[in-house]
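Peer 1:
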Amino acid sequence: MLSSNSRFPPSSPAPSAVSAGHHQRALHPLLWCWLWLGLSSLAVADPGATTTGAALLATGNYFETEQRQHYRAAKAALRSGHLQTYRQHYRKLGDYPLKPYLEYSELTRRLHLLPYLEVDRFLDRYEHSYLARQLLRKWLAVLAKRQRWHEFQSYYKPRLGSTELRCQYLQARLNNGEEEALDQVAELWNVGKSQPDACTPLFNAWLKAGGLTPAVAWERHGKALDNRRRALAKYISGLMEPAQQRLAQLYQEVDRYPQRIGQRRRFADQSAEMQEIIQHGIRRYARRDPQAALYQWQRYDAQQLFPDTERSATQQYLATRLARAGHLQDAERLLLQSGNITSLDLIEWLARDALHQQDWDKVYRWLRQLPAEVQRSDRWIYWRARAMEALGLDDPAYPTPRQIYASLALKRSFYGFLSADTLGRDYTLVNSPVDPPRELINAVANLPGIKRARELFELGEIHHARLEWLFATRNLDAPALVASGKLAETWGWYNKGIQAMIAARHWDDLQVRFPLAYRDQMQAAARRTSIAPTLLFAIARQESAFAADVRSPAGALGLMQLMPTTARQTARRAGVRYRERDLLKPEPNITLGSSYLNQLLDQFDGNRILAAAAYNAGPHRVKQWLAKSDRQLPYDIWIETIPFKETRHYVQNVLAFSVIYGHRLGNEAPFITPSEANHRF
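Under my numbering, the sequence shown has 654 at position 413, and the numbering climbs by one with no breaks.
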C-alpha cells in the first residue's frame with residue numbers, strides 16, 4: 242500500500258556553523274510551533290536509523306554520578322543555609338554544566354545587599370544564558386524597589402520585554418530629569434486591560450502633566466469594553482470631560498444591557514462616537530438575539546452614515562451570528578448587501594454548512610468567494626473536486642476532479658490520503674531522513690545552553706530543561722536546529738526533537754518527527770486492549786507530542802492528556818490504582834489513556850473517527866453532532882463539518898498519523914477502514 246516518492250530528494254544540509262546571532266531576542270518558533278503539529282507538511286522517514294545515529298550516541302556529555310551527587314548536595318546545603326557545606330561541594334564540581342544554577346541561587350539570596358560586582362561578573366560570564374536574563378530581571382526589581390534609578394537605567398535592556406520593567410525604565414528616566422520619557426507613556430497606558438501596579442507612579446505623573454487627551458481616553462475606553470473590562474472602562478470614564486463622560490456612560494449601559502439599543506432616540510446623534518456605541522451595542526445584542534439585532538441594525542443603517550469599512554465589518558459580524566443561530570437566509574441576504582466579504586471564517590462557515598446540507602450548488606458558490614490562495618489550499622481544492630463531481634461541472638480555471646485528486650494524492654496530508662483512497666492509489670509517503678555532519682552535531686551538543694538543558698533533562702528537572710532549550714535554540718540556523726532535533730531524539734527527549742524539526746521546516750525525517758516513543762509501553766497497552774498500536778501512537782503524538790509532563794490550560798495531564806476526573810473513572814472501571822500525580826508518568830498515563838480510548842471504541846462500535854472525536858470533545862458532544870446530521874453524511878463531510886475547529890483538526894491528524902505510524906512500525910494501516918467508509922454519520 243505504501244510507495245516512496247523520489248521527487249523529494251533526501252535533505253543533505255552542508256556543514257554549517259551554529260548561528261551566532263545571540264543579540265537578536267525575537268521569539269523563536271519553538272515557543273509556539275509545538276502546539277501546531279499539523280498535517281500540512283507531513284513526511285515519513287525510513288524506519289531504520291540514519292548513519293548519524295551512532296555518532297549521536299557518542300556525542301554530548303554524560304556526567305559522572307559523583308558530580309551529580311555533589312551538585313545535589315550543594316543545592317540541598319544552600320537551601321538549608323549551610324554555606325560552608327555548599328562551598329565544599331561546589332568546589333568539587335569541576336566543569337559540571339549546572340554550576341551556574343548554584344551560583345544564581347546563592348547570588349539571588351543576597352541581591353538586597355546590592356552586590357554590584359558579583360552581579361556584573363555573573364552577567365558577563367553567562368551573558369547569553371537564560372539564567373543571566375532571569376538574574377537581570379530580579380536585579381532590576383531590587384534596584385527599582387531601592388529607587389536606584391541611575392543604576393536601573395544603566396542595567397535595563399529593552400529585550401527583556403516586560404511591561405513592568407518598561408514602566409520602571411521610563412520612571413527612571415523621568416526621575417533622572419528626562420521629561421521626554423513622558424512621550425512614550427500613552428502607548429503603555431492605552432491598552433484594553435489594567436497594567437501592572439509598578440506602572441501607577443508613571444501613569445500618575447503622565448496624567449498630572451496633561452498627557453491624557455480626549456481621543457486617547459475614548460480609545461482606551463472602547464478597548465476596555467471590547468475586552469470585557471467594565472471596571473476599567475468605568476475608571477477611564479471618570480477621567481473624561483463631562484460631555485464625553487455622558488457618551489461613555491451610554492456606551493457602558495448598552496454594553497451591559499444591549500437590548501436598550503432599541504431605544505433609538507437616545508442614539509440619534511450623528512457623530513463618530515455615537516456610531517461606535519451603536520455598532521458595539523448591535524454586536525453585543527447579536528450574541529443574544531441576532532434577528533432582533535438585525536432589525537435594529539437595518540434602522541440605524543438607514544439613519545447613520547457609517548464608514549464603509551466599519552459598516553461592512555458590523556454586517557459580517559451580524560451574518561456570522563445569524564448563520565450560527567441557524568438563520569441562514571437572513572445571513573445570506575445581509576452578506577449580499579455588504580458587498581465585499583472579507584471574513585474568511587464566515588465564508589468557510591457557510592461553505593461547511595452547505596456541505597452539511599449536501600447542497601453542492603451552495604458549496605461551489607461559497608468556495609468561489611474564498612480568496613484565491615485559500616481556494617487553492619488542499620482542503621478547499623478537494624471540496625471543489627467533490628462539488629464539481631456532484632454537479633457534473635467543468636471549470637476552465639481548474640483541472641478535472643480526477644486530475645485534482647491525482648495531484649492531491651501526491652501529497653502527504655489528510656486530503657492527500659483522502660484523494661489516494663478515492664483513486665484507489667497507494668499513499669505517497671516522502672522518505673528523506675536528515676544526516677547532519679558530525680562536526681555540526683558536536684558544535685550544537687557543546688553549546689553551554691544545550692549542555693545545561695540536557696543535564697537538567699537527565700535529572701528530571703524538565704521545566705528548567707525546557708526553558709534552557711528554548712533559550713539556547715532561539716537563534717540557531719536551520720541546519721543547527723535540525724542537529725539539535727537529532728540530538729534530542731537520541732536522548733529520548735522526543736518532544737524537543739519534534740519541535741526542532743518543525744522550527745527548521747524540515748518535514749521529512751519521521752524517525753524524529755514521528756518517533757516510536759515509549760514503544761514497549763505502547764505495545765503492551767495495545768495488546769491489553771486490542772487497540773491497534775498505530776492509533777495509540779497517533780493519539781499520543783497529537784495530544785502531547787510525547788511530552789510526558791505537559792499540562793493543558795484545561796487541566797489535562799501527560800502523554801495522552803487525560804483529565805483527572807476521566808482518569809479516575811477509567812481507573813475504577815479498569816480496576817487499577819489511581820493517583821493524580823502518576824498521570825505525569827508515561828506508563829500509568831498510557832495504561833489509563835489506552836483504557837479510556839478502548840471504552841470509546843466500544844461505545845462507537847470500533848469507529849476510530851467517532852472515538853477520536855470523542856477523545857477530544859467528549860462522547861456526549863459526538864452524540865449530539867450525530868443526532869444533528871441524522872446519520873445522513875459520508876465520513877469526509879462529517880469530519881469537515883465537525884463544529885469545533887480543534888476537534889476537526891484533531892480527527893484529521895489522528896487518522897493521518899495512524900497511516901504514518903503504520904509505516905514506522907512496518908504494519909501498513911489503511912487511512913479509512915471499509916466499515917468506517919461505509920458508515921453514515
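Using N, Cα and C, we set each Cβ at its ideal position, and we do this for glycine too. This one's a predicted model, so the numbers in the text were calculated from it and none came from an experiment.
The alpha helix (DSSP H) that contains L587, what's its start and end?
Peer 2: Element bounds for L587: L585 to Q598.
Peer 1: Exposed or buried, which one is A868 when buried takes at least 16 other CB atoms within 10 Å?
Peer 2: exposed
Peer 1: Quick one: is the Cβ of A918 within less than 7 Å of any heavy atom of the ligand NAP?
Peer 2: In terms of ligand content, the structure shown is empty, and the ligand NAP therefore cannot be addressed.
Peer 1: Given that a residue counts as buried once 16 or more other Cβ atoms are within 10 Å of its Cβ, and exposed if not, what is L575?
Peer 2: buried
Peer 1: Pick out whichever of T914, S478, A684 and L697 has its Cα sitting closest to the Cα of Y312.
Peer 2: L697
Peer 1: Hey, quick one: how far does the alpha helix (DSSP H) through H330 stretch, first residue to last?
Peer 2: L324 to Y331
Peer 1: Within a Cβ cutoff of 7 Å, which residues of the same chain sit near K652, ignoring the five residues on either side of it in sequence?
Peer 2: D619 and T669
Peer 1: Is it the case that the Cβ atoms of L411 and A427 are separated by a distance below 8 Å?
Peer 2: no
Peer 1: Could you tell me the distance, in whole angstroms, from the CA atom of L226 to the CA atom of R617?
Peer 2: The structure shown has nothing for residue 226, since the chain only spans 242 to 922.
Peer 1: Taking Cβ positions, are L591 and A564 nearer each other than 8 Å?
Peer 2: yes
Peer 1: Sort out for me which residues DSSP pairs R792 with in a bridge.
Peer 2: L798
Peer 1: Shortest alpha-carbon distance to A566 belongs to which of R552, A534 and L722?
Peer 2: A534
Peer 1: Out of S835, L833, Y337 and L355, point me to the one whose CA is closest to R695's CA.
Peer 2: Y337
Peer 1: Which one of T914, V895, E821 and S899 has the shortest CA to CA distance from D846?
Peer 2: Answer by Cα proximity: T914.
Peer 1: With contact counted as at least three CB pairs below 8 Å, one residue from each stretch, are the region 819 to 835 and the region 795 to 806 in contact?
Peer 2: yes
Peer 1: What did DSSP end up calling L717 once you bin it into helix, strand or coil?
Peer 2: coil
Peer 1: With DSSP collapsed to three states, give me the class of L824.
Peer 2: helix
Peer 1: With distances taken from CA atoms, which of R609, V753 and H705 is nearest K727?
Peer 2: V753
Peer 1: Given a cut-off of 8 Å on the beta-carbon distance, is the pair H521 and D542 in contact?
Peer 2: no
Peer 1: If you count every other CB in all the chains shown that lies within 10 Å of the CB of P794, and 16 or more means buried, which is it?
Peer 2: exposed
Peer 1: Between which two residues does the alpha helix (DSSP H) carrying Q425 extend?
Peer 2: No alpha helix (DSSP H) holds Q425; DSSP gives it neither H nor E.
Peer 1: If you follow the alpha helix (DSSP H) that S435 is in, where does it begin and where does it stop?
Peer 2: Counting along the chain, S435 falls outside any alpha helix (DSSP H), and DSSP gives it neither H nor E.
Peer 1: Can you give me the Cβ contacts of W273 inside the same chain, cut-off strictly under 8 Å, excluding the 5 residues immediately before and after it?
Peer 2: With a pLDDT of 38 at W273, under the threshold of 50, the modelled position of that residue is not reliable, and the figure given next carries that caveat. Counting only Cβ-Cβ distances below 8 Å, and skipping sequence neighbours, we find nothing.
Peer 1: Rounded to a whole number of angstroms, what is the C-alpha to C-alpha distance between L466 and L406?
Peer 2: 26 Å
Peer 1: Decide if N445 is buried, meaning its Cβ has at least 16 other Cβ atoms within 10 Å, or exposed.
Peer 2: exposed
Peer 1: Cutting at 8 Å between CB atoms, please list the residues of its own chain near R505, excluding the five before and the five after it.
Peer 2: Q537, R540, Y541 and Q544
Peer 1: Are A729 and K737 closer than 8 Å when you measure CB to CB?
Peer 2: yes
Peer 1: Exposed or buried, what is Y327 when buried is set at 16 or more other beta-carbons lying within 10 Å of its beta-carbon?
Peer 2: buried
Peer 1: Do V685 and A721 come within 8 Å of each other at the CB atom, strictly closer than that value?
Peer 2: yes
Peer 1: Taking the straight line between their C-alpha atoms, what separation do you get for E909 and S673?
Peer 2: 19 Å
Peer 1: Which same chain residues, not among the five before or five after V900, have their C-beta less than 7 Å away from its C-beta?
Peer 2: Here the set comprises F658, Y668, A910 and F912.
Peer 1: Once DSSP output is grouped into helix, strand and coil, what is the label at L803?
Peer 2: strand
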